[in-house]
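Let me begin by presenting the structure, written as structure tokens, before commenting on it.
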Amino acid sequence: IVVGESDYPTDKIGENARAFRQLGLGYANLGALLMARGLPYDSDQGRAWAGAITAIMTGWAYRTSARIAEVTGPFAGYASNADAMLRVMRKHRAAADQIDAELVPEGMLSAAKQSWDEAIALGEQHGYRNAQASVLAPTGTIGLMMDCDTTGIEPELALVKTKKLVGGGTMQFVNQTVPRALAKLGYDAVQTDDIVAYIAEHNSVADAPHLKTEHYPVFHTAMGEQPIHYMGHVRMMAAAQPYISGAISKTVNMPEEATVEEVEELFVESWRLGLKAVAIYRDNCKVAQPLSADKRKTAEAPEAEPAVLAWSAKKRLPQSRPALTTSFRVGDAEGYVTAGSYPDNGLGEIFLKASKQGSTLSGIMDAFSIAVSVGLQYGVPLEDYASKFINMKFEPSGMTNDPDIRFASSIVDYVFRRLALDHLTWEQREALGIRSIQERTEEAEGKIAELDADTAPAPAPVAQPTEPVERPTARVLDAPLCYQCGSKMQPAGSCYVCGTCGSTSGCS
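With our numbering as the guide, the letters of the sequence shown map in order to residues 406 to 913.
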């Protein structure tokens, strides 16, 4: 059902999936199960349990697949692969005989063998509905959602773990299986509480009160002060691989000091043991890793100076300073803007008076002026203010009495265009699309002169693209989008025009 109704990235992948109907059943929390049973992860008994559990899972999966094939028929590619697939099934069954009967409960081993006996018998009669039944996935996310202490076939990462969150901060995960393991090993409630408290503080069982040294391996983890040897990971994968249709996705954790020769040894031994895939992770090989176990040792390195966030110091204006006052009219509103400067020509304050004294608009403009002035004196560039405030739209708006700025979408828009013209360089204003009337006139005259000088015959017309093309320019960073076609508009005097469809902002 899942295979038939699923969507796939390409048609070819979809055809293959529906023809062979591969599944990927798996499990999680194996490491926690072994710990809860008082079994070391890196032990013959732990590996025997893993093999038996995996054999039961895949055997019953193929048994069920054969029963479904009895009703709906086998997968489309079964007929041409029947002999090979039955041969693989018999190899799975033969591997179940290799599990040491003395290391696992009798009922578990008999269930594993029975599942494969029935899977083969039914498959010989009806075939199988699925070419593949099982893999072992990492379950890194869904394992946490299912409240698993361990993911996939992994051992416990650490007895106390810290996970870095994408949005910042950390979250601690304390192993919930430790008390169950201690109870299984025969420790009473008081001893268990003492040991758990010690682990929470030290992140290790070494020298924990009441805990016997022969029980230490039960609490060995992938990372930390007593890590499982990297070959212990490989041997555990090899114990489960004979009963898996696909491969095992698992991280083999190696210590930070692991050598090239040790990595080579790991890959060669993985091949000898019959693993289909293997991946390693060398501790601290990345600048940041999402899961970590150790508390960083700071005694070996000198203590770093505490980080200090540097703030800009306020630069006060002298008592007597040059100022420029400009009167303006925007729509039906009149006002004055006074710009006070430092002796070195840097803008340091503004005073904005609009409408009648005591009105709401006047009060808001006073407060706005104070806020901007404080920012300027603490080092906020005027260019940043201008880039944020030009093109703000609210009433009053409309035509102005300023020849350099014929139209303003608001008082704030006018004020910062005027301040930019008076205090910013040509390069800064060009990036914002702000020009004086003289600069616009000179540009227009230059273009006319170029047209007059051009006496060459007109080139043949070139087909224009049918799709709207946005013509980039440094002067349209703050320009609005065209209401007709959505392209970025370009300044045209005090208005904006769309270079794609020819629409204007409404003033021409």
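Backbone N, C-alpha and C fix where the C-beta goes; we use that ideal spot for every residue, glycine too.
Given the structure is predicted, the values throughout are model-derived calculations rather than measurements.
query                                                                                                         : result
Residue closest to P808, alpha-carbon to alpha-carbon, out of F799, A460, A526, L826                          : L826
Secondary structure of M659, DSSP reduced to three states                                                     : strand
Cβ-Cβ distance between S926 and L837 below 8 Å                                                                : In the structure as shown, the chain begins at 406 and stops at 913. Residue 926 is therefore absent and cannot be evaluated.
Residue closest to Y635, alpha-carbon to alpha-carbon, out of Q646, D688, L616                                : D688
Any 3 or more C-beta pairs closer than 8 Å across the region 523-543 and the region 466-477                   : yes
Short Cβ contact (8 Å threshold) for L439 with Y446                                                           : yes
Contact under 8 Å by Cβ, R823 with I795                                                                       : no
Enclosing beta strand (DSSP E) for E754 [first to last residue]                                               : 752-759
Euclidean distance between Cα positions of G637 and D789                                                      : 59 Å
Sequence-distant residues of the same chain with beta carbon closer than 6 Å to I839, five excluded per side  : R822, A825
Every unbroken alpha helix (DSSP H) inside the region 511-571 [4 residues or more]                            : 511-531, 547-550
H607 versus T556: straight-line alpha-carbon distance, rounded                                                : 23 Å
Collapsed DSSP secondary structure at E739 in the structure displayed                                         : strand
Residues sharing a beta bridge with L729, DSSP                                                                : A744
Cβ pair S520, I458 closer than 8 Å                                                                            : no
Residue span of the alpha helix (DSSP H) that contains F812, given as start and end                           : No alpha helix (DSSP H) contains F812, which is instead part of the beta strand (DSSP E) from 810-813.
Euclidean distance between Cα positions of D412 and I418                                                      : 10 Å
The region 423-430 / the region 537-549 touching (three or more Cβ pairs under 8 Å)                           : yes
Beta-carbon gap between A526 and M494 smaller than 8 Å                                                        : no
Environment of Q646 [buried if 16+ CB atoms lie within 10 Å]                                                  : buried
Other residues of its chain near Y686: CB distance less than 6 Å, five sequence neighbours each side excluded : T656, N658
Three-state secondary structure (DSSP) of R834                                                                : helix
Burial state of P877 (16 or more Cβ within 10 Å)                                                              : Summary for P877: the model assigns pLDDT 41, below 50, so the residue's position carries little reliability; its value from the coordinates is reported in the next sentence. That one is exposed.
Proximity to A466 [Cα-Cα], best of A516, A602, L549                                                           : A516
S814 beta carbon less than 8 Å from that of G736                                                              : no
Spatially closest choice to P560 from L435, F733, S767, T805, by CA coordinates                               : L435
Three-way DSSP call (helix, strand, coil) for D412 in this model                                              : coil
Meets three-Cβ-pair contact criterion under 8 Å: the region 484-492 and the region 543-550                    : no
Whether A644 touches R442 by CB criterion (8 Å)                                                               : no
Where P632 falls: helix, strand or coil (DSSP)                                                                : strand
CA nearest to the CA of H497, picked from V817, G456, E630, L508                                              : G456
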